[in-house]
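With the working numbering applied, the sequence shown covers 546 to 686. Heads up: the structure comes next, in structure tokens.
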Amino acid sequence: MGTYHTLVNLTKKETLSFAKVSGMKAREITGNPASSAMVTWYMLKNSGDRIGFMPDDGTNPFVDVDPIEIQDFEEKEEEIIDELLREGILVDCGSTYLDDDDPSIFSRDLRNGWMPEDLLVPKNQTEQGRAHNVGKRPPLS
546 MGTYHTLVNL TKKETLSFAK VSGMKAREIT GNPASSAMVT WYMLKNSGDR IGFMPDDGTN
606 PFVDVDPIEI QDFEEKEEEI IDELLREGIL VDCGSTYLDD DDPSIFSRDL RNGWMPEDLL
666 VPKNQTEQGR AHNVGKRPPL S
């Protein structure tokens, strides 16, 4: 299943959970434009604070804080997403998953809002072509 991570700010007693952006594992947080933007934005806005990732595997990177205490910290996910939408860094394209029985369970389809689409995926590359060109500069058109 993998380890889920929550960004924790001990200084302000806040958390950032990534629950609504389809990715709480290390690779998902890093590879998803929305969660990557959320982490970067939050870190820039809270520079100097004691911030780190709390895994759900029972380990505790914060030796002086009880993980139970962190559960009472204020969740900032929606606030950070709203800021990124207002700034045009992210664009809200609806939901990618919605639970029919519980509408509070959903994932948001948040995409990069400031980089032109053709810079994200070169037009002359197919899905298969992109996989073979990992780490190579796209051809100039």
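Even glycine gets a Cβ: it sits at the ideal position worked out from N, Cα and C. All of these numbers come straight from a predicted model, not from anything done at the bench.
Bounding residues of the beta strand (DSSP E) (the contiguous stretch that carries residue i)
| i | result |
| --- | --- |
| LEU552 | 550-554 |
| GLU559 | 559-561 |
| PRO600 | 596-600 |
Beta-carbon separation (whole angstroms), residue i vs residue j, contact threshold 8 Å
| i | j | result |
| --- | --- | --- |
| PHE634 | ALA571 | First, the amino acid is wrong: residue 634 is Ile here, not Phe. Rounded, the Cβ-Cβ distance is 22 Å, inconsistent with contact. |
| ASP602 | THR548 | 5 Å |
| ASP594 | THR556 | 4 Å |
| ARG653 | ASP637 | 7 Å |
Cβ neighbours of residue i in the same chain (closer than 6 Å, five flanking residues each side left out)
| i | result |
| --- | --- |
| PRO606 | GLY597 |
| ASN657 | PRO578 |
| ASN678 | Residue placement at ASN678 cannot be trusted, given a pLDDT of 43 that sits under 50; what the coordinates show is reported in the next sentence. Taken in chain order, the list of residues that qualify is empty. |
N- and C-terminal bounds of the alpha helix (DSSP H) containing residue i
| i | result |
| --- | --- |
| GLY576 | 571-576 |
| PRO606 | No alpha helix (DSSP H) holds PRO606; DSSP gives it neither H nor E. |
| ILE615 | 612-615 |
| GLU623 | 622-631 |
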